[in-house]
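**Student:**
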Amino acid sequence: MDEQPELVKRALAGENSAWEELLRGHSRKIYNLCYRFTGRTSEAEDLTQEVFIKVFQTLRTYDVAQGAFPTWLNRVARNHLVDHYRRTRKDRLTSSIDEDAGQIEERPSQIEGPMARVESRERRELLQAALDRLSPDMREAVILRDLQDLEYEEISQVLGVPVGTVKSRINRGRLELARVLKRMEPMRGQGTEP
Amino acid sequence: MTHMELENLVSDYLEGQLDTVRRVEVEAHLNGCPECKELTATVREGIELCRSAEDLEPAPWLVSRIMRATVGERKATFWEQAASYIRPVLHPRVAYAVAMGVFSFSIIINVAGINLRHIKAQDLNPRTWFYQANRNGHLLYARAEKFCYDLKVVYELETRLRQLRQQSEPGKGEEPKQSPPAGAPAGGSTEGQQPSEPLLALVRNSKLEIGNSKLEARNSLPLRVGGPRSSSFDFRISTFDFPVSNSQTGSVSSVRSITQ
């Protein structure tokens, strides 16, 4: 991480290899953030590309004194995702939740064993399916809090709402998520039975 | 505390952000309300599920795609271009085909008898290659054929010799003992031994010369072995009696090639 400012300087100087190194170092995390918001791999790839285009265009505004590069990158990504999420909210409400169920990630880690990969994939699918059933407001709050580990104040800044509202949305989102998981429990049991 | 009040406080309770009084009230309600207790457990499970969620692996082409979208197509370096040309050649199928081509070419050159160190203009003509390869192939076949027939002759001769030995064995014990001639060289070394196997030797003019002794053929058996093509062999098998010791006699059979 100590090399990040140097990489940013080299990227700003027009060195493509430095920009590529930054991309390779952060694309996975940004991609996962996008996937949590969208629940679709193809849309997550498009959003990841949009985020990095925005980062590439605004790289000169990054100031080392304001914080580490990953923090700045995450902030840019979250802002872009929240904007995108709100823009497409109506489409999401009218679209079928399960239409993209078959596109859930099929590239498990090569390190884990087959059973661990299956279990990991099942948990991932269950969580994504449950998140997809939340309302957009509650969903983005839960993602930022429980998947991105942001503080209430940070979420408040990203979403542009008071901290009290953030807390309320997170609480209601967690309750809704628990109910959805409860309803999905029989399906989960069927899926894991041999 | 009502169910609704508990639902409003469940996140703060699970994150440990309630003061002692509120926490005691929540726990008291949970102890008396199985539904709220189950709901709280499920909320905790959901939070743990979110926090333990593992990252996905993005598509391998994602970085290249973003690179194209940001800085455009990157110009490949000289070595990358060279590697892109060589990479298809290094494919196992191509390498195998090239190796087989080289191997076949070397066989053709070898069979055609072309010396690459002293190559001539006519050696470059494929017709010459074909002619030489055809000629050498036929020669090789003829040699192999001759070798097979030679083997056949040898086995035939051995069979005939065995027959002759079996014919001569019943009368051998009745033959009178002969004293060895003076200067007979072969008798001394085999004294006291019964020559059970006939010796095979090449003779000239039906005479066998061993030292100073000249032995005449006792009997002579012509043998003709014909081949399917132009080759035929005439052999003559002769058996000679000669003394090998003071008290014993021996015999030797010789094979002489008359024509070939």
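Residue numbers (the numbering used here), protein chains in the order written: chain Y, 1 to 194; chain H, 1001 to 1260. C-beta atoms are modelled at their ideal positions from N, C-alpha and C, and glycine is treated no differently. These numbers come from a predicted model, not from an experiment.
(1) I'd like the list of long-range same chain contacts for K182(Y), defined as Cβ closer than 8 Å, with 5 residues on each side in sequence excluded.
(2) May I have the straight-line CA-CA distance separating E1038(H) from H1029(H), to the nearest angstrom?
(3) Pick helix, strand or coil for K167(Y), following the three-state DSSP scheme.
(4) Alpha carbon to alpha carbon, what distance is there between L1116(H) and G1227(H)?
(5) When DSSP labels each residue in this structure, what does K1120(H) get in the three-state scheme?
(6) Could you check whether F69(Y) and V1071(H) sit closer than 9 Å to each other, using their CB atoms as the reference points?
(7) On the CB-based measure, 16 or more other CB atoms within 10 Å of its CB, does H1003(H) come out buried or exposed?
(8) Considering just the uninterrupted stretch of the alpha helix (DSSP H) at C1050(H), what are its terminal residues?
(9) Return helix, strand or coil for A1142(H), following the three-state DSSP convention.
(10) So, with DSSP's three-state summary, where would you put M1067(H)?
(11) Cβ of R174(Y) less than 9 Å from any chain H Cβ?
(12) Alpha helix (DSSP H) containing R199(Y): first to last residue?
(13) Can you tell which of R87(Y), E176(Y), V82(Y) and F37(Y) has the C-alpha that lies nearest to the C-alpha of S156(Y)?
(14) Leaving out the 5 sequence neighbours to the left and right, which residues in its chain are closer than 7 Å to R174(Y) when beta-carbon positions are compared?
(15) Using a Cβ-Cβ distance under 9 Å, would R1065(H) count as near chain Y?
(16) Have a look at E3(Y) and F37(Y) and give me their C-alpha separation to the nearest angstrom.
(17) Got a sec: which bits of the region 1004-1020 of chain H sit with their beta carbon under 9 Å from any beta carbon on chain Y, in order along the chain?
(18) Need the endpoints of the alpha helix (DSSP H) that S135(Y) sits in, please.
(19) Quick check on DSSP: helix, strand or coil for Q1132(H)?
(20) Is V1043(H) near S1011(H), with beta carbons less than 9 Å apart?
(21) Quick test of the definition: if touching needs 3 or more C-beta pairs under 8 Å, does the region 155-170 of chain Y touch the region 117-126 of chain Y?
(22) For W1061(H), which of helix, strand or coil comes out of DSSP?
(23) If you compare alpha carbons, which of N1008(H), E1057(H), D1055(H) and I1108(H) is closest to C1036(H)?
(24) Among residues of its own chain, excluding the 5 on either side of E20(Y), which ones have a beta-carbon nearer than 6 Å to its beta-carbon?
(25) How about L1140(H): is its C-beta nearer than 9 Å to some C-beta of chain Y?
(26) Can you give me the Cβ contacts of H26(Y) inside the same chain, cut-off strictly under 7 Å, excluding the 5 residues immediately before and after it?
(27) Should L1090(H) be flagged as near chain Y, meaning a C-beta pair shorter than 9 Å?
(28) Helix, strand or coil, according to DSSP, for A1095(H) in the structure here?
(29) When you check each C-beta in the region 31-49 of chain Y against every C-beta of chain H, which residues fall closer than 7 Å?
(30) Is it true that the CB of Q1132(H) sits closer than 9 Å to the CB of G1101(H)?
(31) When you check each C-beta in the region 58-73 of chain Y against every C-beta of chain H, which residues fall closer than 9 Å?
(32) Looking at the C-beta of V1071(H), does it have a partner C-beta in chain Y at a distance below 9 Å?
(33) Can you tell me whether V1026(H) is buried or exposed? The criterion is at least 16 other CB atoms within 10 Å of its CB, across all chains shown.
**Tutor:** To lay it out plainly:
(1) A distance below 8 Å between beta-carbons, with the five flanking residues on each side excluded, links K182(Y) to no residue of its chain.
(2) 12 Å
(3) helix
(4) Its pLDDT being 45, under 50, G1227(H) is placed unreliably by the model, and the measurement read from it follows with that caveat. Between G1227(H) and L1116(H), the C-alpha separation is close to 39 Å.
(5) coil
(6) no
(7) Exposed is the call here.
(8) Start and end: P1034 to R1051.
(9) helix
(10) helix
(11) yes
(12) Residue coverage of chain Y in this structure runs from 1 to 194, which leaves residue 199(Y) outside it and unanswerable.
(13) Closest option to S156(Y), Cα to Cα, is V82(Y).
(14) Taking R174(Y) as the centre and dropping the five residues before and after it, the same chain places the C-beta of V142 closer than 7 Å to its C-beta, in chain order.
(15) yes
(16) 30 Å
(17) E1007, N1008, L1009, V1010, S1011, D1012 and L1014
(18) No alpha helix (DSSP H) holds S135(Y); DSSP gives it neither H nor E.
(19) helix
(20) Result yes, Cβ atoms of V1043(H) and S1011(H) sit closer than 9 Å.
(21) They do not touch, by the three-pair rule.
(22) coil
(23) N1008(H)
(24) none
(25) no
(26) P70 and L73
(27) no
(28) A1095(H): helix per DSSP, three-state reduction.
(29) Y31, N32, Y35, E45, T48 and Q49
(30) At the C-beta level, G1101(H) and Q1132(H) stay beyond 9 Å of one another.
(31) none
(32) yes
(33) buried
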